[in-house]
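Presented below is the structure to which this report refers.
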Amino acid sequence: MNTAKGATEVLKRTSDYLKSGLLSSEPSWYKVLAFHPPKYDFPKSIRPEVLQEIKQQELTQLPNSTTKNGDFFVTRIKPSSFQGDLIRPQKLKFVEDELRDLFYKQHPWELADPKSLIENEHTIDLAKLDWSTMRQYTKILDGESVVQRTLYIAKTSDKSLLEAYEQAKFEYYRLKIVDEAERNVSREESEMLGAVYAKSLIEHGFDQELKVLTKWKKDAAMQTQIMEAKRVASSSSGETDEVEETEEFVIDENFNENSLIDGINGRDAAN
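Quick note: to get our numbering, add 10 to the position in the sequence shown (first position is 1).
Dropping the structure here:
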């Protein structure tokens, strides 16, 4: 027998060993455990609400004929028709997740803000912060600030969750405007004092795109010139062939006319 699996039955197993003579004396913990047995039910058990749901399903799925072979009642459902979803863990739902989905659906560009993985270190400490104000000096301003501020307003006031969300959202807008204004002022002051900033990622992307478009324009102009030259060459060669064919036709007509005149003159001389 695996002793690890039957750890809760150590008292019963020790009593059996004492009766059979495998143990000569009682262990020091034997009487203590006998007077204070464990109160926890370690084996897994099904939840009562799930059991009630299974029983209700069995009753509703009983066939119309209440007997099988005329003798026994049908009290069980077939394993093939049994739904395994009843014993699966229930799906957890949180208000915070719904608020996050709503915020980032309304503000998809907020997901474009660069973030570091280290920022999630203090996620557990969000509940310890004072959310009576939106600004937290130990946390950057983002969508999570709106979520926590919404929950605080909903708990401490008579406003509904949607009204609290709208208030927190407009507070977030005001703080974002202030932060952007401060960044612009700081940048202008630094440039006034001689600071030179490198191009941003967006500007660098525009430059690369402009290079590709310029190269494409040059290649398109060159291809257009080549196609125009080929068209002119083909048209000029066609005109030259037509002129040569016309000259040959005129020469042949003159030759036939002269030979006809000579033949007539020779016939008259013979007569």
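Backbone N, C-alpha and C define an ideal beta-carbon position, used for all residues, glycine too.
Exercise. Does the pairing of the region 102-116 with the region 144-156 give three or more beta-carbon distances under 8 Å?
Worked result: yes
Exercise. Could you give the residue range of the alpha helix (DSSP H) that holds Asp135?
Worked result: Taken as a continuous stretch (DSSP letters only), Asp135 belongs to no alpha helix (DSSP H), as it is neither H nor E.
Problem set entry | Coil, strand or helix - Met237 by DSSP | helix
Exercise. Asp140 to Leu43, Cα distance in whole Å?
Worked result: Using only the alpha carbons, I get a separation of about 48 Å.
Problem set entry | Local Cβ density within 10 Å of Ala178, reported as buried at 16 or more and exposed below that | Buried: at least 16 other Cβ atoms inside 10 Å.
Exercise. Taking the Cβ atom as the reference point for each residue, do Leu185 and Met144 lie within a distance shorter than 8 Å?
Worked result: yes
Exercise. When the Cα atoms are used, what is the spatial distance from Phe45 to Arg23?
Worked result: 16 Å
For this session: Give the secondary structure of Gln146 by DSSP, where H, G and I count as helix, E and B as strand, and everything else as coil.
Result: Three-state DSSP puts Gln146 in coil, outside helix and strand.
Exercise. In terms of residues, what are the limits of the alpha helix (DSSP H) holding Val156?
Worked result: Gly153 to Thr166
For this session: Could you check the C-alpha separation between Ala174 and Lys165 for me, to the nearest Å?
Result: 9 Å
Exercise. At what residue ranges does the region 167-230 contain a whole run of the alpha helix (DSSP H), taking only runs of 4 or more?
Worked result: 171-202
For this session: For Ile236, count neighbouring Cβ atoms within 10 angstroms of its own Cβ and tell me buried if that reaches 16, exposed if not.
Result: exposed
Problem set entry | Residues near Gln100 in its chain [Cβ-Cβ closer than 6 Å; skip 5 each side] | none
For this session: Identify whether Ser30 lies in helix, strand or coil by the three-state DSSP scheme.
Result: helix
Exercise. Just the Cα atoms here: how many angstroms apart are Thr234 and Arg241?
Worked result: 11 Å
Problem set entry | Separation of Ala208 from Lys225, as counted between CA atoms | 25 Å
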